[in-house]
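Notes follow the structure.
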Amino acid sequence: MASYTHTATIEDPATSTGTTGGSPPAWVDGGDDFHSQPLDARLRRARLGLFVGVVGIVMIFVSFTSAYVVRQGLPTFDSRTNSLVHDWIPVRLPKLLLMNTFVLLVSSITIELARRRAARNAALAQVASIPGVSIRGDEKISWLALTVTLGLLFLAGQAMAWRELAATGFYISATPSSSFVFLLTGMHGVHLVGGLIALLVAGVASLLHRSAQSQLILMDITGWYWHFMAVLWVYILVLLEFVR
Amino acid sequence: MAGGTGGGETIMATREFTAHETHAHAAPQGFIRKWIFSLDHKVIGLQYYFLALTAVFVGMFLSLLMRIHLIWPNITLPLLGDIKPETYLTLVTMHGTIMVFFVLTTAPQGGFGNYFLPIQIGAADMAFPVLNMLSFWVTALAFVVMLGAFFVTGGAPLHGWTGYPPLSAVQSAGPGEGAGADLWIISIALFCIGALMSALNFITTTLDMRTKGMSMMRMPLTCWAWFITAILGLLAFGVLFSAGILLLLDRNAGTSFYVPLTVFSGQIVAHKGGSPLLWQHLFWFFGHPEVYIAILPAMGLCSQLVSVFSRKPIFGYKAMVYAMLSIGLLGFMVWGHHMFMSGMSPYSAFAFSIMTMAIGVPSAIKTFNWLGTLWGGRIRFHSPMLFAIGFVSLFVSGGISGPFLAQPTLDIPLHDTAFVTGHFHLIMGVASIFGIFAATYYWFPKMFGRMMNESLARWHFWLTFVGTYCIFMPMHYAGMAGQPRRYSQFTELHYLEKLIPLNTFITFAAFVTISAQLIFLVNLFWSMKAGKKASDNPWEATTLEWTTATPPPHDNFGGHPPTVYNGPYEYGVPGAPQDFVMQTDPRTVAAH
């Protein structure tokens with residue numbers, strides 16, 4: 698039976714941001730002057746959102762994978778022999794894909810460097826604002842620009858690999874196996890383009906001298922997304938090379 | 222009438238606060254920023270709601286045309302002319318697609334979820350407002366593209382809302398299977414993108430934006446329902462998206478994912494080796510969770526309303542949460558029951574059948590908990606409560622035929638008959654629609670600051686409640702008598718002649734029920750302008766949306782996020798000054 702008392706106890710939920718719990722992270726609105734939220738709360742929220750989004754993308758590739766595996770074992774009707782035959786012809790992947798993989802993995806390292814620099818800048822931003830204090834940064838190399846370049850190089854390499862495949866007769870509609878090669882590489886490419894756009898937004902944000910915190914959040918989640926793209930690519934490559 | 226006494230001191234307190242300093246974005250001033258490209262979750266919620274309202278009237282109009290054609294197949298309609306068999310299939314397709322995606326998925330989650338999830342957990346907005354705006358506009362674009370399918374050469378597609386290939390995958394398969402089918406797939410893909418972004422936002426908001434004291438187990442069951450629905454959406458819509466991409470490639474890039482070597486209109490298609498069953502697996506892996514995406518928000522809302530209007534705590538709060546979670550989980554393991562007729566192995570069919578019937582257990586837990594809450598309550602029969610009880614009724618009537626269809630031996634004769642049409646319309650269609658109505662009547666005072674007209678609402682309820690039963694109950698009998706689904710014409714089939722009077726009755730019931738929705742429409746818009754002014758807490762409910770002003774300010778709580786001390790359903794607490802204790806009331810209620 699319920700009883701009514703006058704003693705107040707509040708349990709603190711594990712993920713509560715405390716008294717400021719209600720506000721969205723400022724960077725999504727461009728509200729740069731907004732500092733009432735601690736950085737770690739904003740960063741955690743953005744990372745959580747990214748993680749949830751990645752789960753959604755993973756489901757897309759899970760369904761492609763299941764379609765790929767099921768299709769391999771499926772016999773099809775052949776009208777000439779009037780019987781069920783296995784028509785799966787394994788595709789020989791172009792060697793170029795290894796080169797592309799290398800480029801993408803290197804870009805994963807460069808974006809990590811960019812992400813760490815953003816974190817450092819955010820940490821030093823308070824100190825730097827004190828008059829007379831100057832922070833000497835290692836700004837000689839723009840890791841961000843380098844990542845964008847490597848990303849574009851990867852995409853160009855993928856396009857060349859596509860042409861090579863098509864030249865050997867494995868164009869998209871040629872066989873079921875080649876359809877899947879184009880599908881998986883193409884969908885990965887589309888998602889990578891999304892990452893490139895995010896990188897460009899992050900670059901514009903740093904050029905516009907948005908607050909170091911907002912830059913960090915943007916850089917951080919783009920970085921994690923880019924790492925996810927690299928892992929996803931390695932997965933696709935392994936799938937296409939070894940499960941054929 | 223539940224008087225306007227409000228929540229006591231709590232409401233008085235929030236009135237005094239005017240500051241906006243903790244909100245990330247200032248209240249927009251111009252019309253376009255405020256009402257069109259708004260970042261405010263409340264405006265986006267209303268945008269979703271009115272999108273669904275538009276869609277539901279389009280969908281209802283299409284269903285009326287179908288009912289007219291079924292009993293008067295040779296009639297020439299003014300402006301529309303004859304309904305040819307292929308036109309009938311177009312109506313079937315577009316009615317189903319529009320209703321499932323743009324009404325049942327859009328209004329309960331996108332509409333009310335967007336508006337009230339942040340308020341009920343004490344947040345100022347969704348976690349990512351820009352993403353929220355994008356979700357809505359992508360969904361709206363998807364709707365425009367979907368309607369566009371009516372106006373291209375060949376018209377809208379005729380492959381049904383399930384879009385089974387090869388019919389949906391071959392351009393020459395039928396009059397609507399050219400540009401119309403492409404637009405249909407593109408629209409679905411866009412909808413998936415919108416739904417995924419929205420799911421991401423809902424999950425992050427629920428996990429990370431709760432105010433101080435709002436632990437997961439203090440959330441109203443509505444929030445739990447929206448949260449679980451978002452998880453289902455996140456896992457399901459990606460799969461539908463993938464399936465749609467494969468279909469687009471088959472249609473436009475010459476691949477053969479779905480299309481086997483086959484003949485259409487005397488011509489061999491340019492595909493070979495594809496598997497139509499692949500689509501069915503992918504589609505129903507999405508399609509079955511989609512049923513729960515449509516009904517879970519209504520379940521959450523019904524739990525809320527049954528408690529509020531019975532003036533009793535919800536019976537078994539934790540059981541309700543776990544039941545919803547297990548419905549969500551099991552929902553992903555039962556897609557095969559849509560495919561018993563596809564030649565699947567009897568062993569798989571057996572497994573899918575067992576899993577499907579297992580869903581009956583959490584569903585029964587929910588039903589009995591609703592009844593347990595009603596039992597001995599001091600029930601206030603306001604219009605939201607009528608629709609909530611109507612929901613329970615429809616949920617039981619529609620749900621009980623589920624275990625029938627879940628058994629392969631029974632499903633084989635019943636498959637693709639009107640029995641199935643009756644079953645899923647009751648449970649997925651009308652039950653969720655009742656959830657939407659209940660939510661509208663319940664939250665209208667908070668959204669627009671006025672009460673809806675109660676007597677019009679009662680007329681609306683009784684006509685709709687009796688009307689929908691008159692439409693969909695007889696369909697079960699028609700199905701058992703062998704009336705097939707999706708046939709444009711059956712009046713000339715000798716063995717179905719005896720069903721013509723029954724079908725005539727259904728059509729007239731549909732006329733009356735659809736006309737009754739005009740009462741709702743009039744009530745909705747009239748009450749916005751001229752309804753009685755609502756107090757801040759007209760239903761004497763405990764959750765956070767009733768502690769704030771009406772309509773809520775831009776950041777929901779006037780700059781002061783609430784602190785939560787109590788669970789969401791503290792009604793009839795002994796010793797309390799009123800029969801309800803607000804969630805923000807610092808004098809806590811000890812554990813029951």
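So the protein lines, in turn, are chains D and X. Everything in the first sequence is counted per our numbering, starting at 698 for the first residue and increasing by one. Everything in the second sequence is counted per our numbering, starting at 222 for the first residue and increasing by one. Note that beta-carbon positions come from the ideal geometry of N, C-alpha and C, so glycine has one too.
Would the beta-carbon of residue i fall within 8 Å of that of residue j?
i: X/Ala348; j: X/Thr450; result: no
i: X/Leu467; j: D/Met756; result: no
i: X/Thr685; j: X/Ala737; result: yes
i: X/Leu723; j: X/Pro705; result: no
i: X/Ser408; j: D/Ser760; result: no
i: X/Gly465; j: X/Ala410; result: yes
i: X/Ala659; j: X/Pro605; result: yes
i: X/Glu761; j: X/Lys667; result: no
Starting from the C-beta of residue i, find all residues in its chain whose C-beta is less than 7 Å away, skip the five residues before and the five after it, and write them out in chain order.
i: D/Pro772; result: Leu781, Val782 and His783
i: X/Thr231; result: Low confidence applies to X/Thr231: its pLDDT is 38, below 50, so where it sits in the model is not reliable, and the reading given next is rough at best. Counting only Cβ-Cβ distances below 7 Å, and skipping sequence neighbours, we find Thr768, Met803, Thr805 and Asp806.
i: D/Leu850; result: Val800
i: X/Gly598; result: Ser531, Arg532 and Lys533
i: X/Leu355; result: Met418
i: X/Leu551; result: Met576, Ala579 and Ile580
i: X/Leu312; result: Leu283, Leu286 and Met287
Is the shortest distance between the beta-carbon of residue i and the beta-carbons of chain X less than 8 Å?
i: D/Ile918; result: no
i: D/Ala927; result: no
i: D/Met756; result: yes
i: D/Pro735; result: no
i: D/Gly746; result: yes
i: D/Ser876; result: yes
i: D/Val800; result: no
i: D/Phe867; result: no
i: D/Leu937; result: no
i: D/Ser720; result: Per-residue confidence for D/Ser720 stands at a pLDDT of 45, beneath the threshold of 50, marking its modelled position as unreliable; no derived number is given.
i: D/Ser911; result: no
i: D/Thr846; result: no
i: D/Ser776; result: yes
i: D/Val725; result: Because the pLDDT at D/Val725 is just 38, under 50, the model does not fix this residue reliably, and the point stays unresolved.
Can you check whether the C-beta of residue i is within less than 8 Å of a C-beta belonging to chain D?
i: X/Phe459; result: In the sequence as displayed, the identity of residue 459 of chain X is Gly instead of Phe. Yes, because at least one Cβ of chain D sits closer than 8 Å to the Cβ of X/Gly459.
i: X/Phe349; result: yes
i: X/Leu421; result: yes
i: X/Leu455; result: yes
i: X/Thr805; result: no
i: X/Ala446; result: no
i: X/Phe462; result: yes
i: X/Ser477; result: yes
i: X/Ile449; result: no
Please return the same chain residues whose Cβ sits closer than 6 Å to the Cβ of residue i, not counting the five positions on each side in sequence.
i: X/Thr443; result: Gly521, Leu522 and Gln525
i: X/Ala248; result: His775
i: X/Thr594; result: Val527, Ser528, Ser531, Lys533, Ile535 and Phe536
i: X/Ile648; result: Gly619 and Gly620
i: X/Phe741; result: His681
i: X/Thr483; result: Pro387 and Val490
Within the present structure, is the beta-carbon of residue i separated from the nearest heavy atom of the ligand HEM by less than 7 Å?
i: X/Val542; result: Among the ligands in the structure shown, none appear at all, so the ligand HEM cannot be discussed.
Assuming the contact rule is C-beta atoms closer than 8 Å, residue i and residue j should be a hit. Round their C-beta distance to whole Å, please.
i: X/Ala755; j: X/Arg679; result: X/Ala755 to X/Arg679, Cβ: 18 Å. No contact.
i: X/Arg439; j: X/Gly343; result: Wrong, their Cβ atoms sit about 10 Å apart, outside the cutoff.
i: X/His644; j: X/Phe561; result: Incorrect: roughly 14 Å between the Cβ atoms, too far for contact.
i: X/Leu260; j: X/Val359; result: At roughly 15 Å, the Cβ-Cβ gap does not stay under 8 Å, so X/Leu260 and X/Val359 are not in contact.
i: X/Asp471; j: X/Ala390; result: 4 Å
i: X/His697; j: X/Ser622; result: 7 Å
i: D/Val788; j: D/Ser908; result: Contact doesn't hold; Cβ gap of about 49 Å is too wide.
Skipping 5 residues on each side, what residues in its chain have a beta carbon closer than 8 Å to that of residue i?
i: D/Gly920; result: Ile808, Glu809, Ala811 and Arg812
i: X/Ser748; result: Phe665, Phe669, Arg671, Met672, Met673 and Asn674
Cβ-based contacts, 8 Å cut-off: residues of the stretch 641-657 of chain X near chain D = Of all residues in the stretch 641-657 of chain X, none has a Cβ within less than 8 Å of some Cβ in chain D.
In the stretch 880-902 of chain D, which residues sit with their C-beta less than 8 Å from some C-beta in chain X, listed in chain order?
-> The residues in question are Leu880 and Met884.
Chain D contacts made by the stretch 532-556 of chain X, where a contact means CB separation under 8 Å = Under the 8 Å Cβ criterion, the stretch 532-556 of chain X contributes Pro534.
For the stretch 850-863 of chain D, enumerate the residues whose C-beta is nearer than 9 Å to any C-beta of chain X, in chain order.
-> Listed in sequence order: no entries.
Quick one: which residues of the stretch 753-775 of chain X get their C-beta closer than 9 Å to a C-beta of chain D? List them in chain order.
-> Result list empty, no residue passes.
Quick one: which residues of the stretch 479-503 of chain X get their C-beta closer than 7 Å to a C-beta of chain D? List them in chain order.
-> Correct list: Pro481, Leu482, Lys493, Gly494, Ser496, Leu499 and Leu503.
With 9 Å as the limit, tell me which residues of the stretch 562-587 of chain X have their beta carbon closer than that to any beta carbon of chain D; keep them in chain order.
-> Taking 9 Å as the Cβ-Cβ cut-off against chain D, none of the residues of the stretch 562-587 of chain X qualify.
Pull out every residue of the stretch 268-299 of chain X whose Cβ sits closer than 9 Å to any Cβ of chain D, in chain order.
-> Taken residue by residue, none of the stretch 268-299 of chain X has a beta-carbon sitting less than 9 Å from a beta-carbon on chain D.
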